[in-house]
């Protein structure tokens, strides 16, 4: 696997803060809380049903006592005693029913909270697994970046070395070009002295200039060249040719220039 390919997990990773998922899908964010749910309603000390049963029980006791006082018979007394017991017992039973109802509501509310916490637990477990995968992806990206950094460092060093080698090769080629041009110039100068008097006449200057212009790898400034060699000996002309080898001569005084 190449270093570039190793950086691909970064493209599929999500933004944890915004809830955007990566390879494992989006983060499972909790839903907005619903107001008014999950809280127990306050239970009054006495419910309307308990008040009603209390009134009924009290009425039973009062009417039973009144009947026993008025009639004073055995059956009435037994019925009055029974009514006096049943009325308060019915009230007590109603209070127990109210408590049972409150317990059921409490149990339902607690069960709802348990279910909600269970869902939260599953959601957090899923997010932990997702974040674990993201951490592993980040580790892969870190390793890939380290490899890229090392390769780039090696590439820079190799490039710098190659530049130095190219400079050396170019300098050698420049030297070889100067040597070839210089050799050709000397040969042309000697052949241009047609009368073999070791001097370059006006006619020979024109022929020499034409020959140099036809040479590959060198360009001559004709006016400067004519002024430098007019009516001079071949030896003096060869000294002029050294102008080619001097790199410190300003451009305005240069007679020969190398060309590619």
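Residue numbers (the UniProt record's numbering): 1 to 260. Virtual Cβ for every residue (Gly too), placed ideally from N, Cα, C. This structure is a prediction, so every number in the text was calculated from the model and none was measured.
Taking C-beta separations shorter than 7 Å and ignoring five residues to either side along the sequence, the partners of residue 180 in its chain run 217, following chain order. In the three-state reduction of the DSSP assignment, residue 259 falls in the coil class. Counting along the chain, residue 219 sits inside the beta strand (DSSP E) bounded by residues 218 to 220.
With a cutoff of 8 Å on beta-carbon distance, residue 90 and residue 61 are scored as not near each other. One Cα belongs to residue 80, the other to residue 100, and the distance between them is close to 30 Å.
For residue 76, same chain residues with a beta-carbon under 7 Å away, outside a window of 5 residues either side, are 67 and 68 in chain order. The DSSP-derived three-state label of residue 233 is strand. Remark: C-beta atoms of residue 205 and residue 255 do not approach each other more closely than 8 Å. Here residue 185 is actually not in contact with residue 147; their C-beta atoms are around 56 Å apart, not less than 8 Å.
Sequence-distant partners of residue 111 (beyond 5 residues in either direction) whose C-beta falls short of 8 Å from its own C-beta are missing from its chain. The residue among 70, 82, 92 and 72 with its C-alpha nearest the C-alpha of residue 53 is 92. Looking from the CA of residue 86, the closest CA among 171, 226 and 59 belongs to 59.
The beta-bridge partner set that DSSP reports for residue 199 consists of 233. Per DSSP, reduced to three states, the secondary structure at residue 251 is helical. The Cβ-Cβ distance between residue 237 and residue 200 falls below 8 Å. The C-alpha of residue 140 lies about 30 Å from the C-alpha of residue 120. Distance from the Cα of residue 247 is smallest, within the candidate group 171, 222 and 227, for 171.
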